[in-house]
Amino acid sequence: MPQPQRQLDSRIEIVTPENIAFHYILAGPFRRLPAYLIDCGIILGFLILAFIVLTMTTSFGGVGGLGIGLWLLLVFIVSWFYFGVFETLWNGQTPGKRMLGLRVLSENGQPINAMQAILRNVLRAVDGLPFWGAGGLGIPFYMCGLAAMAAGSRYQRLGDLACGTIVVVERRSRLRGVARIEHPDVVRMALQLPVSFTVSRGLAHALSVYVARRERIAPARRYEIARSLAEPLAARFSLPGDTNPDLLLCALYYRTFIADSSAGSTPLSPEREAQEMADAEVTLP
């Protein structure tokens, strides 16, 4: 019996502790290569411009050798830290990845941290082996990286494996702004929620998706969807067993995005959650 062929870009599912499933499309080598070439073009253009400026500036002072030295130092810094710095500051993206809709995430679906961003790109030198040319200035063939990607199911090069990261295809979210749900029952329920409870990124995005779509869902189906997520929350908050699940999710949304935001005590917003979690399709439990 013939075995089904694995797609070049496959889907994975990551389930959060709140039992919310996020579905991602993994970016294979043919999606990642154009983004890498764009970044290399940006680096090359910047270094050429820097070489011209530095040599012209230092030649007038009779210290042309200083200009070359500064340029070589700049080559080292840009070559080793361009990708890591951008992925740290741009939440897992470089200019090339952003142009082509790719993003680096942790294996658990969370945004990567600075250590992951820097280390996975320092290890790019190993992924790039063998090199054609003189030493570190040679052209990388990325045979090691391609071999690692082909051997695994998540298209992770050696840097990804070492840092626990994946590269996914970004989806454009349609969530826009804060939904206005300031119904008296919602506000009253929000006041009963524990002040100490902190909403995770995954739960925040699930709340944003649910509230944005709830008006287009039939009441019976809305109750069914909300119940599976709201029941464990109601038990955690010691709320009555007959608590309306739709009301509880709306109250938690109100507390997270409206009340706390007005008080300046939360960095969360539906727009930010849509941007940071735009790579995934969300499935409520």
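54 is the number that the working numbering gives to position 18 of the sequence shown; each next residue is one higher, with no gaps. Where is the CB? At the ideal position from N, CA and C, for every residue including glycine. Just so we're clear, the structure is a prediction, and the values are computed from it rather than from any experiment.
Checklist entry - Quick one: what's got a C-beta closer than 6 angstroms to Ala153's C-beta in the same chain, skipping five residues either side? => result Gly120, Glu123, Thr124
Item to check | Inter-residue Cα distance where the pair is Asn280 and Val158 | outcome: 51 angstroms
Checklist entry - For Arg47, which residues from the same chain have a beta carbon less than 8 angstroms from its beta carbon, with the 5 sequence-adjacent residues on both sides left out? => result His59, Tyr60, Ile61, Leu62
Checklist entry - If Pro147 and Leu138 are in contact, beta carbons under 8 angstroms, what's the gap, nearest whole angstrom? => result 14 angstroms between Cβ atoms; not a contact.
Checklist entry - Skipping 5 residues on each side, what residues in its chain have a beta carbon closer than 7 angstroms to that of Leu90? => result Gly103, Leu106, Trp107
Item to check | Extent of the continuous beta strand (DSSP E) run through Ile48 | outcome: 47–51
Item to check | Close-in-space but distant-in-sequence residues of the same chain around Gly128 (CB under 7 angstroms, 5 per side omitted) | outcome: Arg139, Val140, Leu141, Pro147, Ile148
Checklist entry - Closest by CA to Thr292, which one among Ala256, Met225, Ala161? => result Met225
Checklist entry - In terms of DSSP beta bridges, what is Arg139 paired with? => result Val204
Next on the checklist: Between the alpha carbons of Pro116 and Ile78, how many angstroms are there, rounded?
Outcome noted: The sequence as given places Trp at residue 116; Pro does not occur at that position. Rounded to whole angstroms, Trp116 to Ile78 spans 14 angstroms at the Cα level.
Next on the checklist: Taking the alpha carbon of Ser232 as the reference point, which residue from Gly145, Arg272, Glu49, Pro65 has its own alpha carbon closest?
Outcome noted: Arg272
Next on the checklist: Can you give me the C-alpha to C-alpha distance between Phe82 and Gln228, rounded to a whole angstrom?
Outcome noted: 56 angstroms
Checklist entry - Going by the CB atoms, is the gap between Val223 and Tyr289 shorter than 8 angstroms? => result no
Item to check | Bridge partners - Ala256, DSSP secondary structure assignment | outcome: DSSP, once it has assigned bridges, lists no residue as partnering Ala256.
Checklist entry - CA-CA distance, Gly101 and Tyr118? => result 25 angstroms
Item to check | Limits of the beta strand (DSSP E) - the one that Ile154 falls within | outcome: It is not in any beta strand (DSSP E) - Ile154 instead sits in the alpha helix (DSSP H) that spans 150–158.
Checklist entry - From this set, Leu109, Ile253, Gly195, Ile175, which residue's C-alpha is nearest Met151's C-alpha? => result Gly195
Checklist entry - In its own chain, which residues sit with a C-beta less than 7 angstroms from the C-beta of Asn144, not counting the 5 before and 5 after it? => result Ile50
Next on the checklist: According to DSSP, is Phe167 part of a helix, a strand, or is it coil?
Outcome noted: strand
Item to check | For His241, the first and last residue of its enclosing alpha helix (DSSP H) | outcome: 237–249
Next on the checklist: Helix, strand or coil, according to DSSP, for Thr230 in the structure here?
Outcome noted: According to the sequence as given, residue 230 is Pro; it is not Thr. It is coil, neither helix nor strand.
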